[in-house]
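Residue numbers (this note's numbering): 51 to 222.
Below is the structure:
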């Protein structure tokens, strides 16, 4: 469950009133399948079908208004110890308006790189990611965000993530 510890925003005239300074985001459950592995083929290739449940709390940038599906294709390759990845997806969700942002079906795209200082077994990771969305109605770019993050893996199934990001386009 994503959690926002601190956020702020104000855009008078665009239906953006006061927002909660913190809250929890939507829950996402995902089914993923690996098609190719780099050690057997040239690249890693996988597909995913995340299901988004509208569990966001409060007023703010914490999630979409309705349930949705987010099928995507991902390709990745490791270069000199740096994992790289590209993704392309489609977001299927009900039309709604959240503050100044009109939500509905969109294309999603991403690119990222991850580094583990002591190789695959390291509990520490650093990452740089770019995410974006394009409206399917007119294929205009609606949002893009650059994120810098870190992760400490407590076990195979539990990790602590922290990051900062910056919106690169007006809709972020």
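Even for Gly, the Cβ is constructed at its ideal location relative to N, Cα and C.
Can you list, in chain order, the residues of its chain with a C-beta nearer than 6 Å to that of residue 182? Leave out the 5 residues immediately preceding and following it. Against the chain shown, residue 182 aligns to sequence position 132. Setting aside the 5 residues that flank it on each side, residue 182 is surrounded in the same chain by 159 and 194, each with a C-beta closer than 6 Å to its C-beta; the list follows chain order.
Quick one: residues in its chain with C-beta nearer than 7 Å to the C-beta of residue 222, no 5 flanking neighbours on either side, listed in chain order?
-> Taking the chain shown and counting its residues from 1, one reaches residue 222 at position 172. Any answer about residue 222 is weak, because its pLDDT of 44 lies below 50 and its placement is not dependable; what the coordinates show is given next. Closer than 7 Å at Cβ, skipping near neighbours: 193, 194 and 195.
Checklist entry - Closest to residue 126 by CA distance: which of 180, 119 and 134 is it? => result Residue mapping note: residue 126 aligns to position 76 of the chain shown, counting from 1. Taking residue 126 as reference, the option from 180, 119 and 134 with the minimal CA-CA separation is 134.
ask   = Taking C-beta to C-beta, are residue 170 and residue 201 nearer than 7 Å?
value = Your numbering for residue 170 matches position 120 in the chain shown. Your numbering for residue 201 matches position 151 in the chain shown. Taking 7 Å as the Cβ cut-off, residue 170 and residue 201 do not qualify as a contacting pair.
Any idea what DSSP makes of residue 216, helix, strand or coil? For the purposes of this step, residue 216 is taken as residue 166 along the chain shown, with counting starting at 1. Looking at residue 216 - three-state DSSP - the assignment turns out to be strand.
Note to self: Using only CA atoms, which one of 167, 101, 121 and 155 lies nearest to residue 131?
What the structure shows: For the purposes of this step, residue 131 is taken as residue 81 along the chain shown, with counting starting at 1. For the residues 167, 101, 121 and 155, the minimum Cα distance to residue 131 belongs to 167.
Self-check item: Range covered by the beta strand (DSSP E) that runs through residue 133
Solution: Here residue 133 is taken as the residue at index 83 of the chain shown, counted from 1. Residue 133: member of the beta strand (DSSP E) spanning 132-141, first to last residue.
- Message: Going by C-alpha to C-alpha distance, which of 105, 75 and 99 sits closest to residue 123?
- Response: Translated into the one-based positions of the chain shown, residue 123 becomes position 73. Nearest to residue 123 by C-alpha distance, out of 105, 75 and 99, is 99.
task = Please state whether DSSP places residue 88 in a helix, a strand or coil.
result = Taking the chain shown and counting its residues from 1, the one referred to as residue 88 is at position 38. Residue 88: coil per DSSP, three-state reduction.
*asked:* Suppose you measure from the CA of residue 219 to the CA of residue 117; what does that come to, to the nearest Å?
replied: Position 169 of the chain shown, counted from the first residue, corresponds to residue 219. Position 67 of the chain shown, counted from the first residue, corresponds to residue 117. Residue 219 and residue 117: Cα-Cα distance of roughly 25 Å.
Inset, instruction - Pick helix, strand or coil for residue 197, following the three-state DSSP scheme. - result: By 1-based counting over the chain shown, the position of residue 197 is 147. Three-state DSSP puts residue 197 in a strand.
Thinking C-beta only, is residue 79 closer than 7 Å to residue 97?
If you number the chain shown from 1, residue 97 lands on position 47. If you number the chain shown from 1, residue 79 lands on position 29. It is not a contact, given that the beta carbons lie outside the stated cut-off.
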